[in-house]
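I have placed the structure first, in the form of structure tokens, so that the comments after it can refer back to it.
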Amino acid sequence: MRRVFTTVIVLATAALVLAPAPARAEGYVSPWVAANAGSSFNNGRAGVGTQAGWMSEGIIGGELDFGYSPSFFGTTNDFGNNTVINLMGNVIVGIPVGGTRGAGVRPYVTAGLGLIRTQIDGGSLANVSSSNNMGGWNAGAGLMGYFADHFGLRGDVRYLRGFENTNTGISSIDLNGAGQLHFWRASIGVVLR
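Residues in the sequence shown are numbered from 177 upward in steps of one, following my numbering.
If you want it as structure tokens, here you go:
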């Protein structure tokens, strides 16, 4: 029994040592703050959120983008408690200038699909309670700048748009569609890789 156990330990150790090294993917987390603008409702309202993702060989990968924008449609006096939340799954493509380790910069583009949720709970102008989950998309570009192996800053600009016409409830892919929730988001944050 002892000989079988020793043989298993030796074979397992040999398999670990001789196994090919897996391809390395660079993971990152980036909490951010933002200003939202551009919809007929929203001018300069703040938002917060985070992005988490990975990039294979530092060039192409995927990320999850979560954003929370309180008082998106206006003040709580006028619109009550109102928010917009987005959760998007994106493809990200970047060029690591200076490599994937140490100091350097990485310009990138990103786009994806996901969920946009709006919530309005009363107020003097909108005396209704309403919540809506709709499909949406986003696209943008930005820059990650690293000071060291694991720490840097990130800034980007994104356009977010819902598929649903909020007047009719009909979903469509229309870049000029009236009634579709849409806005720009300019964000800045730290990035930890």
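The C-beta atom is built at its ideal place from N, Cα and C for all residues, glycine as well.
- For residue 237, the enclosing beta strand (DSSP E) has its first and last residue at 236–246.
- Ranked by Cα distance from residue 222, the first of 362, 268, 315 is 362.
- In summary, residue 271 is exposed, with fewer than 16 beta-carbon neighbours lying within 10 Å of its beta-carbon over all protein chains present.
- DSSP, reduced to helix, strand and coil, places residue 271 outside both helices and strands of the structure shown, so it counts as coil.
- Around the beta carbon of residue 232, fewer than 16 other beta carbons sit within 10 angstroms, so the residue counts as exposed.
- With 16 or more other CB atoms across the displayed protein chains lying within 10 angstroms of its CB, residue 357 is buried.
- DSSP links residue 211 through a beta bridge to 222, 362.
- Checking the DSSP bridge columns, you'll see residue 327 partnered with 368.
- For residue 262 against residue 243, the beta-carbon gap comes to about 5 angstroms, under 8 angstroms, which counts as contact.
- Between residue 206 and the set 322, 337, 310, the nearest pair of CA atoms involves 322.
- Here residue 294 is bridged, per DSSP, to 308.
- Non-local C-beta neighbours of residue 308 in its own chain, meaning closer than 6 angstroms and more than five positions away in sequence, comprise 294, ordered along the chain.
- Residue pairing from DSSP places residue 256 in a beta bridge opposite 297.
- In this model, residue 287 and residue 311 are separated by some 14 angstroms (Cα to Cα).
- Straight across, the Cα-Cα distance linking residue 235 with residue 277 is about 13 angstroms.
- If the five residues before and after residue 316 are omitted, its C-beta is found closer than 6 angstroms to the C-beta atoms of 286, 332, 333, 334, all from its own chain and listed in chain order.
- As the crow flies, the alpha-carbon of residue 202 is around 24 angstroms from that of residue 224.
- Between the alpha carbons of residue 241 and residue 208 lies a distance of about 10 angstroms.
- Annotated three-state conformation of residue 318 is strand, per DSSP.
- Straight through space, the alpha carbons of residue 314 and residue 325 are spaced by roughly 29 angstroms.
- Contact between residue 296 and residue 306 holds: CB atoms are separated by about 5 angstroms, below the 8 angstroms threshold.
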